[in-house]
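**Student:** Per numbering that gives the first Met the number 0, residue 0 is the first one in the sequence shown, and the count goes up by one each step.
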Amino acid sequence: MACIHQKMDFFGLNHYNRVYVCPNANASWGVAETAPPPGLPLTDVNWFIDPSAFLEQIQDTARRYGNPPMYITENGAAFPDALPPDRRVVDTDRIRYFEGYLAAMHQAIADGCDVRDYFAWSLMDNFEWWRGYSKRFGLVYTDYPTLQRIHKQSYYWLQQVIKQNALR
């Protein structure tokens with residue numbers, strides 16, 4: 000341990016959703032997943048949308064590990080995007096998701112957490128190990144039959160956030 004116990008260069012954090020647990024003596028870790036409070040919105044893979052969990056995770060990581068430089072290496076959500084005849088993919092749920100999570104990250108930075116970068120998952124719809132091609136996480140719609148890439152509304156929204164360096 001003395002040899003491998005070194006200060007971290009950075010901490011990479013993937014965050015998608017909070018998991019709710021309760022004590023359970025029969026479970027291997029002594030806890031089991033339980034129902035969340037009612038009313039939380041869900042993604043297309045039934046993950047709870049709760050930006051406060053993201054804020055808490057960033058703050059807890061900073062507190063536990065001496066506030067290392069932190070990179071949000073994955074954060075995003077699947078929604079049931081569809082390609083309409085006009086080929087304009089309107090994904091307002093994803094925009095609301097990113098708006099909430101980026102605001103939470105901004106709050107963490109304002110509170111002194113050393114967050115250096117953020118990587119939205121994912122640039123484009125792709126193969127997910129868990130769900131194959133059935134769920135869409137991307138900012139860019141992949142038309143699988145033609146392999147054409149079509150920028151979703153969230154792509155243009157995030158582009159403006161980056162250009163303006165502001166959420167609004």
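Built from N, CA and C at the ideal position, the CB exists for glycine as well.
1. Compare the C-alpha of Lys134 against each of Pro83, Trp46 and Ala31 and name the closest.
2. Out of curiosity, what's the CA-to-CA distance linking Gln159 and Arg167?
3. Exposed or buried, which one is Ser27 when buried takes at least 16 other CB atoms within 10 Å?
4. Could you name the residues that DSSP lists as bridge partners for His150?
5. What alpha helix (DSSP H) runs, 4 residues minimum, are completely inside the stretch 9-71?
6. According to DSSP, Gly111 sits in a beta bridge with which residue or residues?
7. Checking 7 Å against the spacing of the C-beta atoms, do Tyr70 and Gly11 come in under that value?
8. Can you give me the C-alpha to C-alpha distance between Ile108 and Val114, rounded to a whole angstrom?
**Tutor:** In terms of the structure at hand:
1. Numbered from its first residue, the sequence shown carries residue 134 at position 135. Relative to Lys134, the option among Pro83, Trp46 and Ala31 whose CA is nearest is Trp46.
2. Numbered from its first residue, the sequence shown carries residue 159 at position 160. Numbered from its first residue, the sequence shown carries residue 167 at position 168. Near 9 Å, if we compare the C-alpha coordinates of Arg167 and Gln159.
3. In the sequence shown, counting from the first residue as 1, residue 27 sits at position 28. Burial call: exposed.
4. Position 151 of the sequence shown, counted from the start, is the residue given in the question as residue 150. His150 is bridged by DSSP to Val139.
5. Unbroken alpha helix (DSSP H) stretches of 4 residues or longer found wholly inside the stretch 9-71: 50-63, given in chain order.
6. On the sequence shown, position 112 is the one that residue 111 refers to. Note: Gly111 sits in no beta bridge, so no partner.
7. By 1-based counting over the sequence shown, the position of residue 70 is 71. By 1-based counting over the sequence shown, the position of residue 11 is 12. For Tyr70 and Gly11, yes; Cβs fall inside 7 Å.
8. Along the sequence shown, read from residue 1 onward, the residue named residue 108 stands at position 109. Along the sequence shown, read from residue 1 onward, the residue named residue 114 stands at position 115. Using only the alpha carbons, I get a separation of about 6 Å.
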